[in-house]
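Below is one structure, written out as structure tokens, with a few remarks after it.
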Amino acid sequence: MALLELLPLCRVDVFPSLLALARPSSITAPTSSKEAALHVVGLPEFVEAVSIMTSLSIEPCVGLIQSLDSVRDVVASEFWALLARLIVTFVYLWIHGGLGGETWAARMCFSLANLAYAGATVAYFLWLWNRDSGTRTGNHEGSKGHHNDQNAEKGDLEDVGLSMLRLDAAQQLWGGSYRPIAGMSQLSIQARLPWCYLSLEVILETARREVLLLLQFFRESCLRLLLTEGEHFALASMNSATAVGQYNVVGNLGSLAARLVFRVWETACFAKWSRDAAAGREGEAVALLIVMLRVSSYFGATVLLLGPPMSEVVLLGLFSHRWATPEMVRALQLYCYQLPLMGWYGLLDAFVRATASPHTLVIVQKVLVAQTALYLIVCFVALRLHWAADAAVGLIVANGVSTGLRCLGALWLVMKGRGVLKSEEKKHTLLRPSDLLAVFDWRITLVWTCLFAFTRYATYTATTTTPGVVSAILAFPVLLAAVLRWDADIPTLKHLLLRG
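So the sequence shown is numbered by the UniProt record's numbering: it starts at 1 and just counts up by one.
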């Protein structure tokens with residue numbers, strides 16, 4: 001806080017909108033002693049820092065579960081965490097009777113909600129860490145006569161895998177003093193907490209041995225942060241807090257699909273592609289990529305049909321008339337057009353990272369540096385020169401163009417064969433243009449084009465939102481019927497779902 005107060009004296013103005021919220025001198029004095037006791041300067045920021053540290057503390061367990069291909073547990077964790085955040089937000093608003101138009105109350109509400117999100121994630125993975133796998137394993141053993149043996153064995157390995165990893169780690173850390181026991185109820189507190197398995201010597205040795213790799217991961221994480229959140233920095237530094245809030249509302253609604261759908265796909269496919277690359281199964285990796293691109297295209301086509309016509313209805317239902325302004329509706333509609341690109345880029349980027357050679361990863365990072373710098377420059381210049389009447393709409397367009405360029409770059413790497421099998425010897429083309437065209441069936445594409453034109457005509461020629469909403473609702477079952485009728489992989493997907 002003291003540093004933020006001294007920066008303007010040195011004629012350094014960085015993120016003025018954020019400084020206006022964080023500097024103690026800019027906060028309105030409380031009107032009563034009770035408010036003075038509650039409105040502690042910096043408390044929301046402190047709670048937010050605690051929530052971030054809490055999330056980071058359980059991140060290794062999340063990575064361990066993902067490495068075991070337990071997608072169901074990852075989805076369940078996200079569900080309970082989002083539910084906890086929603087409940088805490090509603091409880092805070094109910095206790096305080098709303099936010100009252102105060103920035104401190106809004107920051108405190110969202111900080112507590114994020115803390116609840118982190119706490120729910122930690123609680124779920126602690127329960128998962130200490131769960132007795134005997135019951136589920138027994139169920140799998142009893143069902144081997146009715147289901148596929150390979151699928152049942154996979155379920156056994158997933159359940160036993162976590163307990164076996166925990167047992168191996170305990171024996172390596174504590175040696176002969178640790179004896180395996182039958183039930184989890186008899187475990188000590190030391191064995192129940194995953195943080196007790198940490199060894200400072202092992203951490204230092206691993207960090208020393210992999211320092212270059214860790215630095216590369218850190219640089220790439222920072223670049224991806226700037227590339228995905230660069231528009232937030234630009235808005236905070238050159239626009240009002242209202243513009244930041246409008247953009248965050250649209251971004252949070254759109255990111256629900258990224259968190260609940262895209263991240264699950266990317267995590268599961270990344271693990272599968274990594275194993276295929278290690279085993280030299282290039283055909284299986286590319287076949288899965290084509291199937292997932294097709295599934296992502298179907299999801300994006302559905303979003304394009306339903307999203308823009310129903311944007312105003314969604315904003316009215318979730319945020320009332322205050323946020324359902326024409327500018328907000330237009331911004332949410334534009335964000336819907338960006339979601340299909342986000343789905344494709346996530347899959348292509350996961351494929352490249354899972355199968356790329358070290359030389360290719362260096363190229364990817366250099367391209368990422370150039371894209372990040374160019375994107376930040378465009379965001380700041382667009383806001384400074386007022387290229388768009390609405391700042392949020394302009395940044396959404398810039399973000400969509402940036403996502404499309406990144407998608408083309410990842411697709412170029414895949415089609416050039418530079419990112420497969422982590423080998424410099426195999427650089428032949430694995431994904432041909434004909435394979436990419438196979439993602440789209442011409443009959444399904446024709447049906448979707450007609451439905452898209454129908455929904456846009458009903459939306460933009462009517463004076464109310466009802467015709468657009470009705471047209472979108474009617475178009476969805478037609479698209480679904482076309483996919484079920486003409487997609488050749490639907491029977492295989494049905495078989496996998498029924499078997500799972």
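All C-beta atoms, glycine included, are put in the ideal place defined by N, C-alpha and C.
Tell me the DSSP secondary structure of Trp323 in three-state form. In the sequence shown, residue 323 corresponds to position 323, counting from 1. In the structure shown, Trp323 sits in a helix (DSSP, three-state: H, G or I).
For Ser70, three-class secondary structure by DSSP: If you number the sequence shown from 1, residue 70 lands on position 70. Correct three-state label for Ser70: coil.
Confirm, please, whether the CB-CB distance from Trp273 to Phe351 is below 8 Å. Within the sequence shown, the letter at position 351 stands for residue 351. Within the sequence shown, the letter at position 273 stands for residue 273. Annotated as proximal: Phe351 and Trp273, with beta-carbon spacing under 8 Å.
Alpha helix (DSSP H) segment containing Ser402, residue limits: As a first step, residue 402 is located in the sequence shown; it is residue number 402 there, counting from the start. In the DSSP annotation of this structure, the continuous segment of the alpha helix (DSSP H) that includes Ser402 starts and ends at 391 to 415.
Cβ neighbours of Asp435 in the same chain (closer than 8 Å, five flanking residues each side left out): In the sequence shown, counting from the first residue as 1, residue 435 sits at position 435. Within the same chain, Cβ atoms closer than 8 Å to the Cβ of Asp435 are found at Val286, Ile290, the five residues on either side in sequence being excluded.
Test item: CB-CB of Ser311 and Gln338 under 8 Å: Along the sequence shown, read from residue 1 onward, the residue named residue 311 stands at position 311. Along the sequence shown, read from residue 1 onward, the residue named residue 338 stands at position 338. Contact flag unset, no.
So what's Val439 in DSSP terms, helix, strand or just coil? Numbered from its first residue, the sequence shown carries residue 439 at position 439. Correct three-state label for Val439: coil.
Nearest-angstrom Cα separation, counted from Trp127 out to Val62: Counting from 1 along the sequence shown, the entry for residue 62 is found at position 62. Counting from 1 along the sequence shown, the entry for residue 127 is found at position 127. Taking the straight line joining both Cα atoms gives about 12 Å.
Quick check: Leu348 and Val414, are their CB atoms within less than 8 Å of each other? One-based indexing of the sequence shown puts residue 348 at position 348. One-based indexing of the sequence shown puts residue 414 at position 414. The Cβ atoms of Leu348 and Val414 sit closer than 8 Å to each other.
Are Asp441 and Asp487 touching if we call contact CB-CB under 8 Å? Position 441 of the sequence shown, counted from the start, is the residue given in the question as residue 441. Position 487 of the sequence shown, counted from the start, is the residue given in the question as residue 487. With a cutoff of 8 Å on beta-carbon distance, Asp441 and Asp487 are scored as near each other.
Within 10 Å of its beta-carbon, does Val342 have 16 or more other beta-carbons around it, so buried, or fewer, so exposed? Within the sequence shown, residue 342 is the residue found at index 342, counting from 1. According to the sequence as given, residue 342 is Met; it is not Val. With 16 or more Cβ atoms within 10 Å of its Cβ, Met342 is classed as buried.
Are the region 472 to 481 and the region 441 to 461 in contact at 8 Å, needing three or more beta carbon pairs? Because the criterion of three Cβ pairs below 8 Å is met, the region 472 to 481 and the region 441 to 461 touch.
Three or more C-beta pairs closer than 8 Å, one from the region 357 to 375 and one from the region 294 to 307: is that the case here? With a cut-off of 8 Å on Cβ pairs, the region 357 to 375 is not in contact with the region 294 to 307, counting fewer than three such pairs.
Quick one: which unbroken alpha helix (DSSP H) runs of 4-plus residues sit fully inside the region 457 to 491? Chain order, please. DSSP runs (the alpha helix (DSSP H)) wholly in the region 457 to 491: 466 to 486.
Provide the residue span of the alpha helix (DSSP H) that contains His386, from first to last. Counting from one through the sequence shown, the residue named residue 386 turns up at place 386. His386 -> no alpha helix (DSSP H), and no H or E assigned at all.
Kindly list the residues whose CB is nearer than 8 Å to the CB of Pro491, restricted to its own chain and excluding five residues on each side of it in sequence; keep chain order. Locating residue 491 in the sequence shown gives position 491, counting from the first residue. Once the five neighbours on either side are set aside, Pro491 has no close Cβ partner at all.
Among Pro44, Ala301, Ala373, which one has its Cα closest to the Cα of Ala105? Along the sequence shown, one-based indexing puts residue 105 at 105. Among Pro44, Ala301, Ala373, the Cα nearest to that of Ala105 belongs to Pro44.
Can you tell me where the alpha helix (DSSP H) holding Leu204 begins and where it ends? Residue 204 sits at position 204 when you count from the first residue of the sequence shown. Looking at the DSSP string, the run of the alpha helix (DSSP H) that includes Leu204 is 200 to 209.
Give me, in chain order, the residues of the same chain whose beta-carbon lies closer than 8 Å to that of Gln371; leave out the 5 immediate sequence neighbours on both sides. Against the sequence shown, residue 371 aligns to sequence position 371. Excluding its 5 nearest sequence neighbours in each direction, Gln371 has C-beta neighbours in its own chain below 8 Å: Leu227, Ser402, Leu405, Arg406, Gly409, listed in chain order.
Identify whether Gly245 lies in helix, strand or coil by the three-state DSSP scheme. As a working note, residue 245 is residue 245 in the sequence shown. Three-state DSSP puts Gly245 in a helix.
Collapsed DSSP secondary structure at Ala356 in the structure displayed: As a first step, residue 356 must be located in the sequence shown, where it is residue number 356. Here Ala356 sits in coil by DSSP.
What do you get for Gly394, buried or exposed, if any count of 16 or more other CB atoms within 10 angstroms of its CB means buried? Here residue 394 is taken as the residue at index 394 of the sequence shown, counted from 1. Gly394 is buried by the Cβ-count criterion.
Just how far apart, CA to CA, sit Ala271 and Ser255? Along the sequence shown, read from residue 1 onward, the residue named residue 271 stands at position 271. Along the sequence shown, read from residue 1 onward, the residue named residue 255 stands at position 255. Looking at the two C-alpha atoms, the distance is approximately 23 Å.
Find the nearest neighbour of Trp412 within the set Val364, Arg209, Glu201, Arg384, judged by alpha-carbon distance. Reading the sequence shown from its first residue, position 412 is the one you call residue 412. Closest by alpha carbon: Val364.
Relative to the C-alpha of Arg72, which residue among Thr206, Leu260, Arg208, Phe90 is closest? Counted from its first residue, the sequence shown places residue 72 at position 72. Of the candidates Thr206, Leu260, Arg208, Phe90, the one whose C-alpha sits nearest the C-alpha of Arg72 is Leu260.
Got a sec, what are the start and stop residues for the alpha helix (DSSP H) Leu115 sits in? Here residue 115 corresponds to residue number 115 of the sequence shown, with the count starting at 1. Unbroken alpha helix (DSSP H) run through Leu115: 103 to 129.
Could you name the residues of the same chain whose beta carbon sits closer than 6 Å to that of Cys336, not counting the 5 residues immediately before and after it, in chain order? On the sequence shown, residue 336 is found 336 positions in, with the first residue counted as 1. Counting only residues of its own chain and dropping the five nearest sequence neighbours on each side, Cys336 has a CB closer than 6 Å to the CB of Val303, Gly307, Pro308.
Since Ala49 and Val250 are thought to touch, with beta carbons under 8 Å apart, how far apart are those beta carbons, to the nearest angstrom? As a working note, residue 49 is residue 49 in the sequence shown. As a working note, residue 250 is residue 250 in the sequence shown. With 8 Å as the limit, Ala49 and Val250 do not qualify as a contact, their Cβ atoms being about 26 Å apart.
Limits of the alpha helix (DSSP H) - the one that Val264 falls within: Counted from its first residue, the sequence shown places residue 264 at position 264. Counting along the chain, the alpha helix (DSSP H) containing Val264 begins and ends at 263 to 279.
Grab me the residues of Glu327's own chain with a C-beta within less than 8 Å of its C-beta, minus the 5 sequence neighbours each way, in chain order. As a first step, residue 327 must be located in the sequence shown, where it is residue number 327. The answer, listed in chain order, is Gln246, Asp390, Ala392, Val393.
Have a look at Gly280 and Ser471 and give me their C-alpha separation to the nearest angstrom. Counting from one through the sequence shown, the residue named residue 280 turns up at place 280. Counting from one through the sequence shown, the residue named residue 471 turns up at place 471. Between Gly280 and Ser471, the C-alpha separation is close to 48 Å.
Is the beta carbon of Ala301 less than 8 Å from the beta carbon of Leu479? Reading the sequence shown from its first residue, position 301 is the one you call residue 301. Reading the sequence shown from its first residue, position 479 is the one you call residue 479. For Ala301 and Leu479, yes; Cβs fall inside 8 Å.
Give the straight-line distance between the Cα atoms of Asn130 and Leu376, rounded to the nearest whole angstrom. The residue you call residue 130 lines up with position 130 of the sequence shown. The residue you call residue 376 lines up with position 376 of the sequence shown. Each residue's Cα considered, the two are about 45 Å apart.
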